[in-house]
Amino acid sequence: MLPEIDVKRRSLEKLFHEHGYSDFKWIDAKKIIVSHWVRMKCLYGCKEYGNTCCCPPNVPSVQECERFFHEYETAVIFHFSKKLDKPEDRHEWTKGVNQKLSKLEREVFVSGFEKAFLLFMDTCTFCDECASKRENCNHPRLARPAPEALAVDVFSTVKQYGFPINVLSDYSQEMNRYAFLMIE
Ligand code: SF4
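Residue numbers (my numbering): -19 to 164.
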């Protein structure tokens, strides 16, 4: 008989495959790296700062983020790669990916994983124009932060698991993006 943890993983993997995901890896949630430099990049240099409901400063402090991740043992990283002809297409691509992931988070939750929490592949782009303040969000039940918004060093974290990731210098290069699903 399989140990309980393997049974749970198999049932979730079945769900992931049913939703069309095959490029994912189970990870030790304790290996998610949270760093202050990531928050600095949000504060200085990102146009989303203060302009979206799920980005700083509308998120917990870095210390609170660390505490949040320490409450989990298991998570899954989903990998998405894409080359876009036009930079302006990124909004729609991101929106579609995150909407699908939202449905998956819901199914994982109702299948008995009460701590299931999704970190979007990219900033929430459900609306053409973000309400900017969390309390005004148009989809408060669905909107989630991206890992970077919670100070996750996505580069260092995904490299531990052999995923590809590089700094890109222009839009002609393929993007490697990642969503995290915190499980339990
Ligand atoms: S659902 Fe709309 S208002 Fe809420 S975070 Fe996403 S884009 Fe902003």
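Beta carbons: idealized from backbone N, C-alpha and C, even for Gly. The model shown is predicted, which means the values in this text are computed figures rather than measured ones.
- In this structure, Leu161 keeps its C-beta atom at 8 Å or more from the C-beta atom of Phe49.
- Between the ligand SF4 and the CB of Phe97, the shortest heavy atom gap is not smaller than 7 Å.
- When only Cα atoms are considered, Pro37 and Tyr29 end up about 7 Å apart.
- Secondary structure note for Met162: its beta strand (DSSP E) is the uninterrupted segment 155 to 162.
- DSSP places Val138 within a helical segment (H, G or I) once states are collapsed to three.
- Closer than 7 Å to some heavy atom of the ligand SF4: that describes the Cβ of Phe106.
- The DSSP assignment places 4 to 8 as complete runs of the beta strand (DSSP E) inside the stretch -4 to 41, in order along the chain (cut-off: 3 residues).
- Cβ neighbours of Lys62 within its own chain (closer than 8 Å, five residues either side excluded): Trp73, Glu154, Met155, Arg157.
- Counting the other CB atoms within 10 Å of its CB gives Glu85 a total of 16 or more, which places it among the buried residues.
- Judged by DSSP in its simplified three-state form, Ser149 adopts coil rather than helix or strand.
- Here the C-alpha atom of Val(-13) lies approximately 23 Å from the C-alpha atom of Ala159.
- For Ser61, the beta-bridge partners assigned by DSSP are Asn156.
- Within its own chain, the residues whose Cβ lies closer than 7 Å to the Cβ of Cys107, once the five positions on either side in sequence are excluded, are Asn118, listed in chain order.
- The ligand SF4 has a heavy atom closer than 7 Å to the beta-carbon of His119.
- Here Met101 is buried. Its C-beta has 16 or more other C-beta atoms within 10 Å.
- Around the beta-carbon of Leu130, 16 or more other beta-carbon atoms lie within 10 Å, marking it buried.
- The alpha carbon of Val132 has as its nearest neighbour, out of Glu(-16), Pro120, Ile(-15), His16, the alpha carbon of His16.
- Residue range 97 to 99 is occupied by the beta strand (DSSP E) that includes Leu98.
- For Thr54, the secondary structure class from DSSP, reduced to helix, strand or coil, is strand.
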